[in-house]
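A.B. asks:
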Amino acid sequence: MSSKNKEHSGEQCQPKVPCSKFQQLPQALVLEILSSLSIKTLLNCRCVCKDWLSIISDPQFTKLHSSRSPVGILIKTYPPKRKSRKLDFTHIEDCAGSDLLLEKIRFNPQNSLPIGAMPEFRLINSCNGLLCLSGPNRNYPCFVCNPILGEHISIPPTNLSRNKCFFVGLGFSSGTNEYKLLQMTNGTEAVIYTIGTGVWRSVGNAPGDIDQLPFNPFLRGALHWVSYSSTVPDFIHSFDFEREQFRPLPVPSLLGNRFSDCYILEVVGGCLCLSVFDDDYSKFDMWVMKEYGVQESWTKVLVFGNLYECPEERICHVYEPIMFLRNGEILLLFNNCAVVCYNQETKSFREIRITWTRSPFEAIAYSPSFVSLYNVSKREEVKRVQRGKKSGKKSGKLLSEGSYECAGSSMPSRKSTKLNSGYGCPAFEEGLP
1092 MSSKNKEHSG EQCQPKVPCS KFQQLPQALV LEILSSLSIK TLLNCRCVCK
1142 DWLSIISDPQ FTKLHSSRSP VGILIKTYPP KRKSRKLDFT HIEDCAGSDL
1192 LLEKIRFNPQ NSLPIGAMPE FRLINSCNGL LCLSGPNRNY PCFVCNPILG
1242 EHISIPPTNL SRNKCFFVGL GFSSGTNEYK LLQMTNGTEA VIYTIGTGVW
1292 RSVGNAPGDI DQLPFNPFLR GALHWVSYSS TVPDFIHSFD FEREQFRPLP
1342 VPSLLGNRFS DCYILEVVGG CLCLSVFDDD YSKFDMWVMK EYGVQESWTK
1392 VLVFGNLYEC PEERICHVYE PIMFLRNGEI LLLFNNCAVV CYNQETKSFR
1442 EIRITWTRSP FEAIAYSPSF VSLYNVSKRE EVKRVQRGKK SGKKSGKLLS
1492 EGSYECAGSS MPSRKSTKLN SGYGCPAFEE GLP
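Here the sequence shown is numbered in the numbering used here, starting from 1092 and rising by one per residue.
1. What are the uninterrupted segments assigned as beta strand (DSSP E) that are 3 or more residues long and contained completely in the stretch 1198–1261, given in chain order?
2. Using the rule of at least 16 other Cβ atoms within 10 Å of the residue's Cβ for burial, across every protein chain shown, is residue 1284 buried or exposed?
3. For residue 1166, which three-state DSSP category applies?
4. Quick one, are the C-beta atoms of residue 1130 and residue 1160 less than 9 Å apart?
5. Looking at the structure shown, is residue 1434 part of a helix, part of a strand, or coil, going by DSSP?
6. So what's residue 1142 in DSSP terms, helix, strand or just coil?
7. For the stretch 1376–1400, which segments carrying the beta strand (DSSP E) assignment without a break, of at least 3 residues, lie completely within its bounds, in sequence order?
8. Do you know offhand how far residue 1154's Cα is from residue 1266's?
9. Using the Cβ count rule (16 or more neighbours within 10 Å means buried), how would you classify residue 1127?
10. Does the beta-carbon of residue 1430 have 16 or more other beta-carbons within 10 angstroms, so that it is buried, or is it exposed?
11. Thinking C-alpha only, which one of 1223, 1309, 1216 is nearest residue 1205?
12. Relative to the alpha-carbon of residue 1337, which residue among 1116, 1174, 1296, 1451 has its alpha-carbon at the smallest distance?
13. Among 1358, 1409, 1330, 1385, which residue has its Cα nearest to the Cα of residue 1374?
14. Between the beta-carbon of residue 1439 and the beta-carbon of residue 1389, is there less than 9 Å?
15. Is the beta carbon of residue 1261 closer than 9 Å to that of residue 1309?
16. Check residue 1151 in the structure and name its three-state DSSP category.
17. Whole angstroms are fine: how far does the CA of residue 1358 sit from the CA of residue 1307?
18. With DSSP as the reference, identify every bridge partner of residue 1137, one or two as the case may be.
19. To the nearest whole angstrom, what separates the beta carbons of residue 1271 and residue 1332, a pair I think is in contact under 8 Å?
20. So, for residue 1121: in the same chain, excluding its five sequence neighbours on each side, which residues have a beta-carbon less than 8 Å away from its beta-carbon?
21. Are the Cβ atoms of residue 1174 and residue 1123 separated by less than 9 Å?
22. To which residues of the same chain is residue 1063 closer than 8 Å at the C-beta, ignoring the five residues directly before and after it?
23. DSSP three-state label for residue 1268, please.
24. Taking only the alpha-carbon atoms, compute the straight-line gap between residue 1199 and residue 1476 and give it to the nearest angstrom.
25. Which residues in the same chain have their Cβ closer than 6 Å to the Cβ of residue 1376, if we skip the five residues on either side of it in sequence?
26. From residue 1125 to residue 1384, what distance separates their C-alpha atoms?
27. I need the straight-line Cα distance from residue 1168 to residue 1441, nearest angstrom please.
28. Can you have a look at residue 1133 and say buried or exposed, based on whether 16 or more other CB atoms are within 10 angstroms of its CB?
29. Using the C-alpha atoms, what's the distance from residue 1180 back to residue 1417?
30. Is DSSP giving residue 1366 helix, strand or coil here?
31. With C-beta atoms as the reference, is residue 1421 less than 9 Å away from residue 1432?
32. Report the rounded CA-to-CA distance for residue 1327 versus residue 1275, giving the unit in angstroms.
33. Quick one: what's residue 1315 bridged to in DSSP?
34. Under a three-way DSSP split, which group does residue 1297 fall into?
35. In terms of DSSP beta bridges, what is residue 1337 paired with?
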């Protein structure tokens, strides 16, 4: 790494403790120790001395850490009377019993998000710890940023009509070590932008019947999303960033001619996960593709029934899988108002207090990283959010006050097949069928 990139990749830190003994350790051991630390601890380590900052900023360390970086939950709230301009990240670690150790970091425009004066922003997707963000409508720019480092790149607009553009997605080609953005219109042209070139290129026609790009759709070098047709979902679409080609992936064969107007596709636990709701929303099945690209490997892992909160009014519950815990439990977003933990053995729920807001929110799996845009941008202009410019304000730093909490211990596990949404957050009920 050049001295210029080292200077840009982190703040100028002054030594606070002696590093001489640590420097005597073999380089491989140093990388092994540091790569096993949490994001918050590594942020602190970057400010111990220049040697540690250099190690953590090195692409070799970044690659090793990214392969081990634990998945956490990224929260974006939607307050009813104002616009949310922040993101809350929570790293979740299994503890003894039902407790979970939560380590929290807040991202906002003052410390890491490149949204400037935009009234609000949209989360597009993530790839290798980088986030793709855009403004509230097509008149605003699109950004690629690393909120951990406060770095961002502004992506130039395409020549496509803004009224026709359907969605943008960020991906990575491991063969060329390049980050790329795919932009598509509904059933017509698709264009791709390789970061560092400054140019959008056509890659042919995009598949039709595009619905929406999931936030967490990147797997095996490709983006994935569900295609809809008038009768059945024919397949799952994907776009390979190395070959720059579209190709289909099959849905579970047991779906047959069954049709639903609601599918949720995400990458969960390193596999494609497809949640299929019945056409009347009374229940949903959760499928996992255990061997990528093989239709026979689709496995039904969960069936949730009795989703109606009020059958007479046809108001139903919606669960969205977020991540698998090491103990086999599954975290799900419930009705955009709570994160719940489902135990497959006891078939019971418990609420995890990831956030205390009463506003609706998104909860999505996210693995932060130390990938520096200075190492991948080539000729692109990389900007940094200026942290701590205004003295005396805590917003200039990544907030981590009260970062360690235990969740779940105050919410005993109760056997249930349904949650009552109540007001704001669900209440647990016993004795339900």
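The beta-carbon is built from N, C-alpha and C at its ideal position, and this holds for glycine as well. On a predicted model such as this, the values are computed, not experimentally measured, just so you know.
C.D. replies: Inspection of the coordinates gives the following:
1. If we require 3 residues or more, the beta strand (DSSP E) runs fully inside the stretch 1198–1261 come out as 1213–1218, 1221–1225, 1233–1237, 1242–1246.
2. The residue given as residue 1284 occupies position 193 in the sequence shown. Classification of residue 1284: buried, given that the 10 Å Cβ count is 16 or more.
3. Working through the sequence shown from its first residue, we reach residue 1166 at position 75. In the three-state reduction of the DSSP assignment, residue 1166 falls in the strand class.
4. Stepping through the sequence shown from its first residue, residue 1130 is reached at position 39. Stepping through the sequence shown from its first residue, residue 1160 is reached at position 69. Yes.
5. For this step, residue 1434 is matched to residue 343 along the sequence shown. When secondary structure is reduced to three states using DSSP, residue 1434 falls in the strand class.
6. Locating residue 1142 in the sequence shown gives position 51, where the first residue counts as 1. The answer is helix: DSSP assigns residue 1142 an H, G or I state.
7. Complete beta strand (DSSP E) runs here, min 3: 1389–1395.
8. Taking the first residue of the sequence shown as 1, we reach residue 1154 at position 63. Taking the first residue of the sequence shown as 1, we reach residue 1266 at position 175. Just so you know, the alpha carbons of residue 1154 and residue 1266 end up roughly 14 Å apart.
9. For the purposes of this step, residue 1127 is identified with residue 36 of the sequence shown, where counting begins at 1. Label assigned to residue 1127: exposed.
10. Position 339 of the sequence shown, counting from 1, holds the residue named residue 1430. Counting the other CB atoms within 10 Å of its CB gives residue 1430 a total of 16 or more, which places it among the buried residues.
11. As a working note, residue 1205 is residue 114 in the sequence shown. Answer by Cα proximity: 1223.
12. Along the sequence shown, one-based indexing puts residue 1337 at 246. The shortest Cα separation from residue 1337 among 1116, 1174, 1296, 1451 belongs to 1296.
13. In the sequence shown, the residue the question calls residue 1374 occupies position 283. Among 1358, 1409, 1330, 1385, the Cα nearest to that of residue 1374 is on 1409.
14. For the purposes of this step, residue 1439 is taken as the residue at position 348 of the sequence shown. For the purposes of this step, residue 1389 is taken as the residue at position 298 of the sequence shown. Cβ distance not < 9 Å, so residue 1439 and residue 1389 don't count as in contact.
15. Against the sequence shown, residue 1309 aligns to sequence position 218. Against the sequence shown, residue 1261 aligns to sequence position 170. Contact check for residue 1309 against residue 1261 passes: the beta carbons are separated by less than 9 Å.
16. The residue given as residue 1151 occupies position 60 in the sequence shown. Under the three-state reduction of DSSP output, residue 1151 falls in the helix class.
17. Numbered from its first residue, the sequence shown carries residue 1307 at position 216. Numbered from its first residue, the sequence shown carries residue 1358 at position 267. Near 6 Å, if we compare the C-alpha coordinates of residue 1358 and residue 1307.
18. Position 46 of the sequence shown holds residue 1137. Residue 1137 pairs with nothing; no bridge assigned.
19. Taking the sequence shown and counting its residues from 1, one reaches residue 1271 at position 180. Taking the sequence shown and counting its residues from 1, one reaches residue 1332 at position 241. Rounded to the nearest angstrom, the Cβ distance from residue 1271 to residue 1332 is 5 Å, consistent with a contact under 8 Å.
20. Taking the sequence shown and counting its residues from 1, one reaches residue 1121 at position 30. Once the five neighbours on either side are set aside, the close Cβ partners of residue 1121 are 1113, 1146.
21. The sequence position of residue 1174 within the sequence shown is 83, counting from 1. The sequence position of residue 1123 within the sequence shown is 32, counting from 1. Their beta carbons are not under 9 Å apart, which means residue 1174 does not touch residue 1123 by this criterion.
22. Residue 1063 lies beyond the stretch modelled for the chain, which goes from 1092 to 1524, so this question has no answer here.
23. The sequence position of residue 1268 within the sequence shown is 177, counting from 1. Residue 1268: coil per DSSP, three-state reduction.
24. Position 108 of the sequence shown, counted from the start, is the residue given in the question as residue 1199. Position 385 of the sequence shown, counted from the start, is the residue given in the question as residue 1476. Straight-line spacing of the CA atoms in residue 1199 and residue 1476 works out to 10 Å.
25. As a working note, residue 1376 is residue 285 in the sequence shown. Correct list, in chain order: 1367, 1391, 1394.
26. Locating residue 1125 in the sequence shown gives position 34, where the first residue counts as 1. Locating residue 1384 in the sequence shown gives position 293, where the first residue counts as 1. Cα to Cα, the separation comes out at about 35 Å.
27. Your numbering for residue 1168 matches position 77 in the sequence shown. Your numbering for residue 1441 matches position 350 in the sequence shown. Between residue 1168 and residue 1441, the C-alpha separation is close to 21 Å.
28. Position 42 of the sequence shown, counting from 1, holds the residue named residue 1133. Buried: at least 16 other Cβ atoms inside 10 Å.
29. Taking the first residue of the sequence shown as position 1, residue 1417 is located at position 326. Taking the first residue of the sequence shown as position 1, residue 1180 is located at position 89. When rounded, the distance between both Cα atoms is 19 Å.
30. Sequence index remark: in the sequence shown, residue 1366 carries index 275 (1-based). Residue state, collapsed to three classes: strand.
31. Locating residue 1421 in the sequence shown gives position 330, where the first residue counts as 1. Locating residue 1432 in the sequence shown gives position 341, where the first residue counts as 1. Judged by beta-carbon spacing, residue 1432 lies within the 9 Å limit of residue 1421, meaning their Cβ atoms are closer than that value.
32. On the sequence shown, position 236 is the one that residue 1327 refers to. On the sequence shown, position 184 is the one that residue 1275 refers to. Each residue's alpha carbon lies about 16 Å from the other.
33. In the sequence shown, counting from the first residue as 1, residue 1315 sits at position 224. Note: residue 1315 sits in a beta bridge opposite 1329.
34. What you label residue 1297 is simply residue 206 of the sequence shown in a count that begins at 1. In the three-state reduction of the DSSP assignment, residue 1297 falls in the coil class.
35. Locating residue 1337 in the sequence shown gives position 246, where the first residue counts as 1. DSSP lists 1330 as the beta-bridge partner residues of residue 1337.
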